[in-house]
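For the sequence shown, UniProt numbering gives the first residue as 1, with consecutive numbering after it.
Think of the CB as a built atom: it goes at the ideal place given N, C-alpha and C, for glycine as much as any other residue.
Here the structure is a predicted model, which is why all the values come from computation and not from measurement.
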Amino acid sequence: MSEPKRLFFALEIPAPIQQQVIQWRAAQFAPEAGRPIAAANLHLTLAFLGEISDQKQQTLMALAGRIQQPAFTLTLDDAGHWPRSRVVWLGSRQPPRGLLQLANLLRAQAARSGCYQSPQPFHPHVTLLRNAAHQVAIPAPGFHWTFPVTEFVLYSSQFSQGRTQYQPLARWSLE
Numbered sequence: 001m002s003e004p005k006r007l008f009f010a011l012e013i014p015a016p017i018q019q020q021v022i023q024w025r026a027a028q029f030a031p032e033a034g035r036p037i038a039a040a041n042l043h044l045t046l047a048f049l050g051e052i053s054d055q056k057q058q059t060l061m062a063l064a065g066r067i068q069q070p071a072f073t074l075t076l077d078d079a080g081h082w083p084r085s086r087v088v089w090l091g092s093r094q095p096p097r098g099l100l101q102l103a104n105l106l107r108a109q110a111a112r113s114g115c116y117q118s119p120q121p122f123h124p125h126v127t128l129l130r131n132a133a134h135q136v137a138i139p140a141p142g143f144h145w146t147f148p149v150t151e152f153v154l155y156s157s158q159f160s161q162g163r164t165q166y167q168p169l170a171r172w173s174l175e
């Protein structure tokens with residue numbers, strides 16, 4: 001029997017947008033503002049699953065494969081700082097309905113499969129900085145990145161050699 005894996009469903013941020021966001025972040029936030037997330041790790045979590053067995057992973061993958069939902073366009077045009085969790089984030093002022101529906105479906109399936117889901121309302125965001133312990137000045141509105149979302153991904157989170165890496169395990173297309 002294999003070890004449980006730390007898994008989550010997420011939207012992948014396209015590589016060109018990852019690079020633009022990283023450059024913008026470097027220009028907007030001082031190095032002491034927090035620990036930057038690596039470009040390859042930028043994503044928008046839809047449902048966190050936690051440590052799960054291979055069997056539960058297979059069940060959740062089968063359920064994810066049954067989701068039929070249209071593709072949508074996502075605009076990242078909002079940012080904020082959550083002092084309690086010490087996170088600086090990038091999000092959407094008007095999250096598309098397709099994003100909210102997809103997250104709700106995946107979170108409901110995860111909960112029914114025994115994966116704890118936070119009672120907090122879903123707040124779609126991309127984590128930019130961690131360990132942002134002090135007040136962080138958020139850039140004025142005017143920034144935005146828009147891209148089509150045509151799939152969602154199951155990721156494994158692995159920590160080794162002092163770094164967290166996200167490994168895509170499976171992808172599902174949106175129609």
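Next on the checklist: For residue 165 and residue 56, what's the separation of their Cα atoms in angstroms?
Outcome noted: Residue 165 sits at position 165 when you count from the first residue of the sequence shown. Residue 56 sits at position 56 when you count from the first residue of the sequence shown. Taking the straight line joining both Cα atoms gives about 22 angstroms.
Checklist entry - Do the CB positions of residue 91 and residue 78 come within less than 8 angstroms of each other? => result Mapped onto the sequence shown, residue 91 falls at position 91. Mapped onto the sequence shown, residue 78 falls at position 78. Cβ distance < 8 angstroms, so residue 91 and residue 78 count as in contact.
Next on the checklist: Are the CB atoms of residue 67 and residue 11 within a distance shorter than 8 angstroms?
Outcome noted: Reading the sequence shown from its first residue, position 11 is the one you call residue 11. Reading the sequence shown from its first residue, position 67 is the one you call residue 67. Against a cut-off of 8 angstroms, the Cβ pair of residue 67 and residue 11 comes out as no contact.
Checklist entry - residue 107 by DSSP, collapsed to three states: which one? => result On the sequence shown, position 107 is the one that residue 107 refers to. Three-state DSSP puts residue 107 in a helix.
Checklist entry - Span of the alpha helix (DSSP H) holding residue 18? => result Residue 18 sits at position 18 when you count from the first residue of the sequence shown. Segment 15-28, the alpha helix (DSSP H) holding residue 18.
Checklist entry - Considering residue 57, what are the terminal residues of the alpha helix (DSSP H) in which it resides? => result To locate residue 57, count along the sequence shown from 1; it is residue 57. Its alpha helix (DSSP H) spans residues 54-65.
Checklist entry - Could you give the distance in angstroms between the alpha-carbon of residue 3 and the alpha-carbon of residue 140? => result Locating residue 3 in the sequence shown gives position 3, where the first residue counts as 1. Locating residue 140 in the sequence shown gives position 140, where the first residue counts as 1. If I take the Cα positions, the gap works out to 45 angstroms.
Checklist entry - Since residue 46 and residue 9 are thought to touch, with beta carbons under 8 angstroms apart, how far apart are those beta carbons, to the nearest angstrom? => result Against the sequence shown, residue 46 aligns to sequence position 46. Against the sequence shown, residue 9 aligns to sequence position 9. Their Cβ separation, rounded to whole angstroms, is 4 angstroms, which keeps residue 46 and residue 9 in contact under 8 angstroms.
Checklist entry - Does the beta-carbon distance from residue 188 to residue 107 come in below 8 angstroms? => result It is not possible to answer for residue 188, since the shown part of the chain is limited to 1 through 175.
Next on the checklist: Report the CB separation of residue 94 from residue 174 in whole angstroms; it is logged as a contact under 8 angstroms.
Outcome noted: Here residue 94 refers to the residue found at position 94 of the sequence shown. Here residue 174 refers to the residue found at position 174 of the sequence shown. Not really, about 19 angstroms apart at Cβ, beyond 8 angstroms.
Checklist entry - Going by other Cβ atoms of all chains shown within 10 Å of its Cβ, with 16 needed for buried, is residue 135 buried or exposed? => result Counting from one through the sequence shown, the residue named residue 135 turns up at place 135. Residue 135 comes out exposed.
Item to check | Neighbourhood of residue 111 by C-beta, 8 angstroms cutoff - its chain only, sequence neighbours within 5 removed | outcome: Numbered from 1 along the sequence shown, position 111 holds the residue referred to as residue 111. Here the set comprises 117.
Checklist entry - So what does DSSP say about residue 4, is it helix, strand or coil? => result For the purposes of this step, residue 4 is taken as the residue at position 4 of the sequence shown. Three-state result, residue 4: coil.
Next on the checklist: With H, G and I counted as helix, E and B as strand and the rest as coil, what does DSSP make of residue 93?
Outcome noted: Position 93 of the sequence shown, counted from the start, is the residue given in the question as residue 93. The DSSP-derived three-state label of residue 93 is coil.
Checklist entry - Given residue 167, which residues of its chain have a CB within under 7 angstroms of its CB, disregarding the five upstream and five downstream residues? => result Reading the sequence shown from its first residue, position 167 is the one you call residue 167. These residues qualify, in order along the chain: 155, 156 and 158.
Next on the checklist: With a threshold of 6 angstroms on Cβ separation, who are the neighbours of residue 5 within its own chain once the five nearest residues in sequence on each side are excluded?
Outcome noted: Position 5 of the sequence shown, counted from the first residue, corresponds to residue 5. So the qualifying residues of the chain are 156.
Checklist entry - What do you get for residue 109, buried or exposed, if any count of 16 or more other CB atoms within 10 angstroms of its CB means buried? => result Here residue 109 corresponds to residue number 109 of the sequence shown, with the count starting at 1. By the 10 Å Cβ count, residue 109 comes out buried.
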